[in-house]
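Participant: Line by line, the protein sequences give chains A and B. Position in the first sequence counted from 1, then plus 71, gives you my numbering. Position in the second sequence counted from 1, then plus 71, gives you my numbering. Next up is a structure, given as structure tokens.
Number of protein chains: 2
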Amino acid sequence: MEQVKVLLNESDMPRRWYNIQSDMPTPLAPPFHPATMEIATPEQMHVIFPMALLEQEMSPAPYFDIPEEVMQVLALWRPTPLMRARRFEKALGTPAHIYFKNESVSPAGSHKPNTAVPQAFYNKQEGIRRIATETGAGQWGSAMSLACKFFGLDCRVYMVRVSYDQKPYRKSMIHTWGAEIFPSPSDQTNAGRAVLAQDPNHPGSLGIAISEAVEDAVSHEDTNYSLGSVLAHVCLHQTIIGEEAIRQMKVLGEKPDVVIGCIGGGSNFAGISFPYVREKINGMDVRILAVEPASCPTVTKGVYAYDYGDTAHMAPIVQMHTLGHTFIPPGIHAGGLRYHGMSPLVSRLYEDKLIEAIAVPQLECFEAGVLFARTEGIVPAPETTHAIRGAVIEAMKAKEEGKEKVILFNFSGHGHFDMSAYDAYLAGQLSNYEYPQKLVEEALTHLPHVTLPAM
Amino acid sequence: MEQVKVLLNESDMPRRWYNIQSDMPTPLAPPFHPATMEIATPEQMHVIFPMALLEQEMSPAPYFDIPEEVMQVLALWRPTPLMRARRFEKALGTPAHIYFKNESVSPAGSHKPNTAVPQAFYNKQEGIRRIATETGAGQWGSAMSLACKFFGLDCRVYMVRVSYDQKPYRKSMIHTWGAEIFPSPSDQTNAGRAVLAQDPNHPGSLGIAISEAVEDAVSHEDTNYSLGSVLAHVCLHQTIIGEEAIRQMKVLGEKPDVVIGCIGGGSNFAGISFPYVREKINGMDVRILAVEPASCPTVTKGVYAYDYGDTAHMAPIVQMHTLGHTFIPPGIHAGGLRYHGMSPLVSRLYEDKLIEAIAVPQLECFEAGVLFARTEGIVPAPETTHAIRGAVIEAMKAKEEGKEKVILFNFSGHGHFDMSAYDAYLAGQLSNYEYPQKLVEEALTHLPHVTLPAM
């Protein structure tokens, strides 16, 4: 029988997270406080984050031990399988070996619980009783609801309205795990009410939902804010994906020529790729490819600059690729990729040419996703179809070149709560949004001006 | 770290299915043909089933080798994990060890692909080009669509209308895998049109949907019928669940005191339990418990008699527990358990006191399901909550008795496509249907009369 997967036992789970900051050729520029426009201090950020996460956010330490209590929860679904997509390869007629790390097996259906669980744990440890957070397509909101329930925290989720309407059963899942959820913009915060006053039918955006959640956290003593992507500690927690993948590829005696992930805020890509970036820095011959939506092409078309993380200027100002914090991306079904900014770590690695990026249109992604579902079985989340599309592009290149290339991509989540997107695609109702160049140009005129002090 | 799961590698997957017919103290009585009212011959049943499956249906052979092509597909998700529900145990405060076999990890989300894949394979081998089938809650229709796509067969699914309306994204999933789906009763068959003529808003039932699918198969030369439960070959294919579980429990050095599954047609229960029935016959001290819905209590309140498998008298007449083929069960959310009959194998084992059965009300099942979701993470299908409820009953008995009992149940599927049921439950909109005794009494007056020839 041809082998199609490599499993690891829970006793073989990595016990440390890898911190890419320890190996980056260029360190991150510091975040600025949106009110003072000065470099943000840990004490300022402590209003919404626990110290343990802020330490991880700023530390140059190469590794952090995963707490026992976190390991015990992650073991409910980790280590995740590394799968070889043999049937997908055959359908493509490619000589490439296509592997995927199946993060869809978590109870929430994606990689997101990998960081939701430690975030809930550290908040609980510091006496926090309630978490406010936002979610795009619902993957993160589900994950945080689940993690909060595991550690006995209350949880409120602000979900981008267009996704809230597209994916009604994310709400049901979040309720089942005992959390609250509101469509964003909501009437629950000043930030939300201000947007609704201008446009009662506003589709929402991650930037607005972040503003609402941060405001909620700032205005409740017992509440912290929690972010599902972008930040360094989030990327840190996700590196367990890549660390497992490295072990699993070793079991097979295979070495990836290219490692692929989709990017919205950057965390699932960081998870699969940062351990490989470490290997690359240490001499491994491997390409690392981020895939973003053509309608929200933050890295490939945005500028590398300081910008706000949210629309209402509540979140820190960070140096990253951005399309401008006032830019509202088109309502593509990959709601998790509809973010104007990018993880500062991913942005920095791109600037330093350690990683590559491409932008792909929605229809080609769904086409790849449906082929994947019909050959390998699992129905991918719309976000994940971007990574699959990236793998197809690399596999077809390998076919042209007649090369037995090894491709590894992160299967970040399943699409069980995104089926209306497949309905629309199969009915021929989806189109490829044009890149909204004018909107981006306008948004980029609103970047904040911050000045780094002389060293 | 406390161990929470046992994985097996695909090389350790069982290579044979176990045929309980080889060990049953009382053999099955023969099926009758619904038109001739005589014992049905394999040739007659060959009109809708491939010979390979009919051989498995009637054989006394103890084992059947799993074909290589089938193994290769099953390996996409098998062997499935055996999990210890430690967090659920703690929430119940029970000294019992609660294990579950996680069949929700298949691409279709349940145990159903275990038999859909070999059924598609054997049909393909005999030159069939198209499959017609029915589905209750959608688990089986999804599984058969997926399996047909794997082997290049066309597929049409008739889905019970009440479930079709409750679970709209099952349709989307079935479309994504390239199959057709119609709500049943439909206007596509004589059987469906006859029901619609009497009641255009008929909620449908598995019995009606079976009639439609069988009629479709009989009236198309290139089409066979495929059933997702009840029949012996279906139960045979599902035994891979129990065979894996036995190996996994051995790895742990544990022996179950009670093995639990929910029953609608009986196949997931058969899957986990028949290998344990074999062990019991060979001396193992183990109880085997089937859990059915109180509103459709086929085994605990039905009669053991010959009855039609469907409403329109298209399917064979078999000896089983039945509430009468004209009985339409209340529209509970566990649509997969809304069947008037029961697997003849399960029925026979119950009559021979090798297995036990209980009936449980809907609300207690959802209560158990939500507690499970909030402790172990995975949201169970409404059907599966019946098995969980059974485990809770046994765990609470163990608590009363202060015994460290070992409980094993089959987690037959996840509830990602059943979230409207959770919405209704959490909103307090669900009730416990009363057992519809009068309807059953009426239905039982319509049993067919067949005469077994003198031996």
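Glycine included, each C-beta is placed from N, C-alpha and C at the ideal position.
Within the chosen definition, does the region 72-89 of chain B reach the region 314-325 of chain B through at least 3 CB pairs nearer than 8 Å?
Facilitator: In short, these stretches touch, since the Cβ pair count reaches three.
Participant: When you compare the CB positions of A:T204 and A:G212, do they come within less than 8 Å of one another, or not?
Facilitator: For A:T204 and A:G212, yes; Cβs fall inside 8 Å.
Participant: Cutting at 6 Å between CB atoms, please list the residues of its own chain near A:S491, excluding the five before and the five after it.
Facilitator: Taken in chain order, the residues that qualify are Q237.
Participant: Does A:N194 have its Cβ less than 8 Å from a Cβ in chain B?
Facilitator: Output row for A:N194: interface = no.
Participant: Taking just the CA atoms, how far does A:S177 sit from B:L217?
Facilitator: Spanning the two alpha carbons is a distance of roughly 22 Å.
Participant: Who are the neighbours of B:P368 on chain A, taking C-beta pairs under 8 Å?
Facilitator: Here the premise fails: no neighbours, minimum Cβ distance about 27 Å.
Participant: I'd like to know whether the C-beta atoms of A:I478 and A:H168 end up nearer to each other than 8 Å.
Facilitator: In this structure, A:H168 lies closer than 8 Å to A:I478 by Cβ.
Participant: Would A:P453 count as contacting chain B if we go by Cβ distances under 8 Å?
Facilitator: False, the Cβ-Cβ gap to chain B never drops below 8 Å.
Participant: Kindly list the residues whose CB is nearer than 6 Å to the CB of A:D328, restricted to its own chain and excluding five residues on each side of it in sequence; keep chain order.
Facilitator: These residues qualify, in order along the chain: K476 and V477.
Participant: Give the secondary structure of A:V389 by DSSP, where H, G and I count as helix, E and B as strand, and everything else as coil.
Facilitator: Looking at A:V389 - three-state DSSP - the assignment turns out to be strand.
Participant: As a quick exercise: from B:S181, B:M385 and B:L416, pick the residue whose alpha carbon is nearest that of B:P96.
Facilitator: The residue with the shortest Cα to Cα distance from B:P96 is B:L416.
Participant: Answer yes or no: do A:A466 and A:L163 have a C-beta to C-beta separation smaller than 8 Å?
Facilitator: Cβ atoms of A:A466 and A:L163: closer than 8 Å.
Participant: Should A:S82 be labelled buried (16 or more other beta-carbon atoms within 10 Å of its own) or exposed?
Facilitator: Under this definition A:S82 is an exposed residue.
Participant: Using only the alpha-carbon positions, how far apart do A:G484 and A:G407 sit?
Facilitator: Rounded to whole angstroms, A:G484 to A:G407 spans 11 Å at the Cα level.
Participant: Who does A:A156 pair with in a DSSP beta bridge?
Facilitator: In DSSP, A:A156 forms no bridge with anything.
Participant: Below 8 Å, can you find three or more Cβ-Cβ pairs linking the region 439-449 of chain B to the region 391-398 of chain B?
Facilitator: With a cut-off of 8 Å, the region 391-398 of chain B and the region 439-449 of chain B do not count as touching, because too few Cβ pairs lie within range.
Participant: Is the Cβ-Cβ distance between A:H487 and A:P453 less than 8 Å?
Facilitator: Contact: no.
Participant: Please confirm whether A:H168 has its beta-carbon closer than 8 Å to some beta-carbon of chain B.
Facilitator: No, because no Cβ of chain B sits closer than 8 Å to the Cβ of A:H168.
Participant: I want to verify the contact list: residues of chain A whose CB lies under 7 Å from the CB of B:N80, in sequence order.
Facilitator: Neighbours of B:N80 on chain A, chain order: L78.
Participant: Cutting at 7 Å between CB atoms, please list the residues of its own chain near B:P368, excluding the five before and the five after it.
Facilitator: Same-chain partners within the cutoff: A430 and Y506.
Participant: Would you mind sorting B:P113 into buried or exposed? The rule is 16 or more other CB atoms within 10 Å of its CB.
Facilitator: The residue in question, B:P113, is exposed, as its Cβ has fewer than 16 Cβ neighbours within 10 Å.
Participant: Between the C-alpha atoms of A:R227 and B:Y229, what's the straight-line distance to the nearest angstrom?
Facilitator: Distance between the alpha carbons of A:R227 and B:Y229: 40 Å.
Participant: Consult DSSP for B:V348 and reduce its assignment to one of helix, strand or coil.
Facilitator: Residue state, collapsed to three classes: helix.
Participant: Please state the DSSP three-state secondary structure of B:R318.
Facilitator: Three-state result, B:R318: helix.
Participant: Locate the alpha helix (DSSP H) running through A:L510, then write down its first and last residues.
Facilitator: Q508 to A514 is the span of the alpha helix (DSSP H), which, as asked, contains A:L510.
Participant: Give, in chain order, every unbroken run of the beta strand (DSSP E) that is at least 3 residues long and sits entirely within the region 258-333 of chain B.
Facilitator: Correct list: 294-297 and 329-333.
Participant: On the DSSP bridge list, what partners appear for A:H168?
Facilitator: In DSSP, A:H168 forms a bridge with A:V477.
Participant: Return the residue from the list A:L153, A:D378 and A:I449 that minimises the CA-CA distance to A:R318.
Facilitator: Residue A:L153 is the option with its Cα nearest to A:R318.
Participant: Would you report the Cα separation of A:V266 and A:H273, rounded to the nearest angstrom?
Facilitator: If you take the alpha carbons of A:V266 and A:H273, they lie about 7 Å apart.
Participant: So is B:R87 buried or exposed if we call it buried at 16+ other beta carbons inside 10 Å?
Facilitator: Exposed.
Participant: Taking only runs of the beta strand (DSSP E) that begin and end inside the region 430-485 of chain A, which ones reach a length of at least 3 residues, in chain order?
Facilitator: Segments of the beta strand (DSSP E) lying fully in the region 430-485 of chain A: 477-482.
Participant: Nearest by alpha-carbon distance to B:T516: which of B:P138, B:V374 and B:R419 is it?
Facilitator: Nearest option by C-alpha distance: B:V374.
Participant: When DSSP labels each residue in this structure, what does A:I245 get in the three-state scheme?
Facilitator: Helix.
Participant: Would you mind sorting A:S181 into buried or exposed? The rule is 16 or more other CB atoms within 10 Å of its CB.
Facilitator: By the 10 Å Cβ count, A:S181 comes out buried.
Participant: Going by DSSP, which residues form a beta bridge with B:I202?
Facilitator: Answer is B:C226 and B:N295, bridged to B:I202.
Participant: Cα-Cα, which of A:N339, A:T206 and A:V463 is closest to A:E314?
Facilitator: Nearest of A:N339, A:T206 and A:V463 to A:E314, Cα basis: A:N339.
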